[in-house]
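Single-structure report; data block below.
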Amino acid sequence: SQQGEEDPQALSIQEGENATMNCSYKTSINNLQWYRQNSGRGLVHLILIRSNEREKHSGRLRVTLDTSKKSSSLLITASRAADTASYFCATVPFTQGGSEKLVFGKGTKLTVNP
Amino acid sequence: DGGITQSPKYLFRKEGQNVTLSCEQNLNHDAMYWYRQDPGQGLRLIYYSQIVNDFQKGDIAEGYSVSREKKESFPLTVTSAQKNPTAFYLCASRRGPIQGIMNTEAFFGQGTRLTVV
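These protein sequences, in sequence, are chains A and B. To convert, note that position 99 of the first sequence is 99 in our numbering; the numbers rise steadily by one, no gaps. Offset between the second sequence (1-based) and our numbering: plus 1000.
So, in structure tokens, the structure goes:
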């Protein structure tokens, strides 16, 4: 079963607006990661937040993590048409054996209109 | 250039045929993964490997097989037992705790689109 669930499934905004995507997960994690996928391509890593971190920034990206609610959000500020893509969260579930299983959610499809 | 390479980009399979998708990385990563993506859907984990000669089933392993004889290579075979193999297949790798490094990102190949004809 998939660990993460992104919300919303699709988001359409105007250039210059902010885009917020949410991710909920089910089990304890070591870290949570966000990825971007352009249509028909591989995924590209955006940002990683550790389980003991609450907020992280990278350029126009801001990620928050609330482990008590098992949720994360990705904020893209001042969006551009080039930000149009699908965005996925991924988690490494915490296990006693130190498994490296990396599990993805279903993604949010973001469209930024010029 | 360092990276992860999938081949072929497009693959056509006849009913009842086994096919093998290639995934090679020169990043010296211990962990490698295979995912399946259906149109408009997320990534579902098929198999993953944390070290050479070892691999684990993911969430949808039925009808697939893998091997990890070399650190650089993690081929995926789609067998005739997989009833609905048409999909986009993605391979990924990442540094793992074997190297004493935790919390690392995954690097993806460009994918193989498999179609049953």
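Heads up, the beta-carbon is just placed ideally off N, CA and C, and yes, glycines get one too.
Going along the stretch 88-111 of chain A in order, which residues come within less than 7 Å of chain B, judged by CB to CB distance?
-> Phe88, Gly98, Glu100, Lys101, Leu102, Val103, Phe104, Gly105, Lys106, Gly107
Taking only beta-carbon atoms, is A/Leu48 less than 8 Å away from chain B?
-> yes
Is the beta carbon of B/Tyr1048 less than 8 Å from the beta carbon of A/Lys101?
-> yes
Looking at the structure shown, is A/Asp66 part of a helix, part of a strand, or coil, going by DSSP?
-> strand
Taking a cut of 9 Å between CB atoms, which residues from the stretch 1007-1036 of chain B lie near chain A?
-> Asp1030, Ala1031, Tyr1033, Tyr1035
Would you mind telling me which residues of chain B sit closer than 8 Å to A/His45, beta carbon to beta carbon, in chain order?
-> Glu1105, Ala1106, Phe1107
Counterpart residues of A/Leu11 in DSSP-defined beta bridges | A/Leu110
Pairing CB atoms from the stretch 100-114 of chain A with CB atoms from the stretch 1013-1028 of chain B, are three or more of them under 8 Å?
-> no
Proximal chain B residues relative to A/Gln33, where beta-carbon distance stays under 8 Å | Glu1105, Ala1106
Proximal residues to A/Arg50 (C-beta, below 7 Å), its chain only, five neighbours per side dropped = Asn31
Please check if any C-beta of chain B sits within less than 8 Å of the C-beta of A/Gly42.
-> yes
Whole angstroms is fine: what's the gap from B/Gly1063's alpha carbon to B/Glu1024's?
-> 22 Å
Short-range partners of chain B found in the stretch 14-33 of chain A, where Cβ spacing is below 7 Å = Asn30, Asn31, Gln33
Proximal chain A residues relative to B/Gly1111, where beta-carbon distance stays under 8 Å = Gly40, Arg41, Gly42
Residues bridged to B/Arg1036 (per DSSP) = B/Arg1044, B/Tyr1089
Does DSSP classify A/Ala19 as helix, strand or coil?
-> strand
Own chain residues within Cβ distance below 6 Å of A/Phe104, not counting five before or after | Phe88, Ala90
Short-range partners of chain A found in the stretch 1047-1072 of chain B, where Cβ spacing is below 8 Å | Tyr1048, Gln1050, Gln1056, Gly1058, Asp1059
Should A/Leu75 and A/Thr27 be called a contact, given that it needs their Cβ atoms to be closer than 8 Å?
-> no
Quick one: Cα of B/Leu1027 to Cα of B/Gly1109, how far?
-> 12 Å
Compare the C-beta of B/Gly946 with all C-beta atoms of chain A and state if any pair is closer than 8 Å.
-> Since the first residue shown for chain B is 1001 and the last is 1117, residue 946 of chain B is missing from the structure and cannot be characterised.
For B/Lys1045 and chain A, any beta-carbon pair shorter than 8 Å?
-> According to the sequence as given, residue 1045 of chain B is Leu; it is not Lys. Answer yes: the Cβ-Cβ gap between B/Leu1045 and chain A drops below 8 Å somewhere.
Which residue or residues does DSSP assign as beta-bridge partners of B/Asp1054?
-> B/Ile1051
Reduced DSSP category for A/Ala90 - H, G, I as helix; E, B as strand; rest coil | strand
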